[in-house]
Structures are given as C-alpha cells and as structure tokens.
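If you count the sequence shown from 1, position 96 lands on 96 in UniProt numbering, and the numbers rise without skipping.
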Amino acid sequence: MEPKNVGTCKDKIQRYYYDPTWMMCLAFVYTGCGGNGNLFKTKSECERSCLPLDGSTCLGPNKPQKIIKNGMDCDSIVCPKGYKCARGAFLFECCHETDYNNLNQAYDAKCPDGSDSGGIFTFYFQPIIGKTCDDLICEDKKKCVQINKDFAKCCGGKNK
C-alpha cells in the first residue's frame with residue numbers, strides 16, 4: 001500500500017488512508033489534487049478496500065504475543081507482562097497494552113477533558129481520528145487535541 005499523500009493543491013478536504021502500521025484507516029487533510037491510490041472519500045470506503053477479513057484483533061505497531069494461560073474469557077486468560085487480553089470476532093489475543101489503551105482512548109466517544117469527540121454517526125458513533133492535529137478538520141466549536149502519542153481527535157461541546 002502506498003503511503004499517505006496529501007496532494008499538491010491548497011484545498012483542505014477531510015479524507016482517509018490506510019495506515020499499514022496500525023492496520024486501520026485514519027483521517028488526513030487532502031489538498032484537492034494529486035495524491036495516490038491510498039486516498040478514500042470515506043472511512044468505510046477505505047475499510048472495504050483495505051482491511052483484511054481475517055485481521056488481528058490487536059492493532060498497532062507491536063505484534064500480539066502468545067497467551068500464557070488459556071481460558072474461556074479475558075478474565076481467566078493470562079498474557080505476558082505489558083500485554084492485555086482482547087476478544088476478537090473468533091479468538092482472544094494478547095495485545096500490546098500501550099497500543100490497546102491508546103487506540104481505545106482514540107475511539108472513546110468522550111475526550112480526556114470529558115467533552116464529546118467529533119465524529120460521524122452511521123449505525124453507531126465513530127470518532128474521526130488521525131495521527132496528529134494536522135490530519136484533522138474539526139467542526140465548529142470543536143478543537144483538535146493530541147490525546148496520546150499515537151492519535152489526535154476533535155474535542156469539545158456535546159454531540160447532537
């Protein structure tokens with residue numbers, strides 16, 4: 001997959017690209033012309049085109065580790081130090097704790113200050129996240145916040 005390419009013009013348009021390190025689609029600001037094949041109008045279009053059907057439950061740069069002690073649920077499964085149990089569609093995996101926590105913080109409907117995340121409502125609320133504030137165009141009354149070392153999102157006020 002080609003890297004994110006913002007293009008060569010001066011517009012500011014919210015678009016999405018597939019990030020192979022995180023194995024997910026993230027927002028970025030596209031300038032309106034140029035770019036490459038890793039450019040999608042919507043997150044769902046990006047996901048349909050890029051996400052593997054049999055992908056790992058654990059997203060991020062650190063690979064999952066082997067379960068130390070199996071169990072029926074995450075409460076009874078033991079993972080290596082620094083890893084945490086996560087349940088996927090068909091299996092449990094031991095995900096890197098920092099990656100897992102940073103991603104969950106990014107996808108939370110609330111921001112660290114307690115305000116609502118900016119996002120889109122489809123069948124459920126999905127925050128729009130990027131790697132940095134340079135990747136996001138926030139709606140009125142929301143401002144971009146770098147919520148952790150890996151992700152930024154728009155925060156402020158209440159969602160309708």
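Idealized CB from N, CA, C, for every residue including glycine.
Checklist entry - Would you say Gly37 and Gly7 are within 8 Å of each other, going by their C-beta atoms? => result In the sequence shown, the residue the question calls residue 37 occupies position 37. In the sequence shown, the residue the question calls residue 7 occupies position 7. No. Outside cutoff.
Next on the checklist: Which runs of the alpha helix (DSSP H) at least 4 residues long sit entirely within the region 82-113? Give them in chain order.
Outcome noted: 97-107
Item to check | Buried versus exposed, by CB contacts within 10 Å (16 or more), Phe28 | outcome: As a working note, residue 28 is residue 28 in the sequence shown. With 16 or more Cβ atoms within 10 Å of its Cβ, Phe28 is classed as buried.
Next on the checklist: For a quick check, are the C-beta atoms of Gly60 and Asp99 less than 8 Å apart?
Outcome noted: As a first step, residue 60 is located in the sequence shown; it is residue number 60 there, counting from the start. As a first step, residue 99 is located in the sequence shown; it is residue number 99 there, counting from the start. Yes; because the gap between Cβ atoms is below 8 Å, this pair is in contact.
Checklist entry - How many whole angstroms separate the CB atoms of Asn148 and Asn102, which I take to be in contact at a CB cut-off of 8 Å? => result Within the sequence shown, residue 148 is the residue found at index 148, counting from 1. Within the sequence shown, residue 102 is the residue found at index 102, counting from 1. Their Cβ separation, rounded to whole angstroms, is 5 Å, which keeps Asn148 and Asn102 in contact under 8 Å.
Item to check | Per-residue DSSP class, three states only, for Ser117 | outcome: Along the sequence shown, one-based indexing puts residue 117 at 117. Ser117 falls in the strand class under three-state DSSP.
Item to check | Buried versus exposed, by CB contacts within 10 Å (16 or more), Ala86 | outcome: Locating residue 86 in the sequence shown gives position 86, where the first residue counts as 1. Classification for Ala86: buried.
Item to check | Alpha-carbon to alpha-carbon, Ile67 and Ile13 | outcome: Here the question's residue 13 lines up with position 13 in the sequence shown. Here the question's residue 67 lines up with position 67 in the sequence shown. One C-alpha to the other measures close to 43 Å.
Checklist entry - Thinking just about the alpha-carbon of each residue, which of Phe123, Pro127, Ala89 is nearest to the one in Ala106? => result For this step, residue 106 is matched to residue 106 along the sequence shown. Here the closest residue by C-alpha is Pro127.
Checklist entry - Who pairs with Gly130 in a beta bridge, going by DSSP? => result Translated into positions along the sequence shown, residue 130 becomes position 130. Gly130 pairs with Ala152.
Checklist entry - In the structure shown, what three-state DSSP assignment does Lys143 receive? => result Sequence index remark: in the sequence shown, residue 143 carries index 143 (1-based). Here Lys143 sits in strand by DSSP.
Next on the checklist: Within the continuous alpha helix (DSSP H) that includes Cys9, where are the two ends?
Outcome noted: The residue you call residue 9 lines up with position 9 of the sequence shown. First-last for Cys9: undefined, no H or E at that position.
Next on the checklist: Buried or exposed for Cys111, going by 16 or more other Cβ atoms inside 10 Å?
Outcome noted: The residue labelled residue 111 in the question sits at position 111 within the sequence shown. By the neighbour-count rule (16 or more Cβ atoms within 10 Å), Cys111 is buried.
Checklist entry - Taking the beta strand (DSSP E) that Cys25 falls in, what are its first and last residues? => result Within the sequence shown, numbered from 1, the residue matching residue 25 stands at position 25. Start and end: 24-30.
Checklist entry - Apart from the five residues just before and just after Cys46, which ones in its own chain have a Cβ nearer than 8 Å to its Cβ? => result Taking the first residue of the sequence shown as 1, we reach residue 46 at position 46. Only Tyr16, Tyr17, Tyr18, Cys25, Phe40 meet the Cβ criterion.
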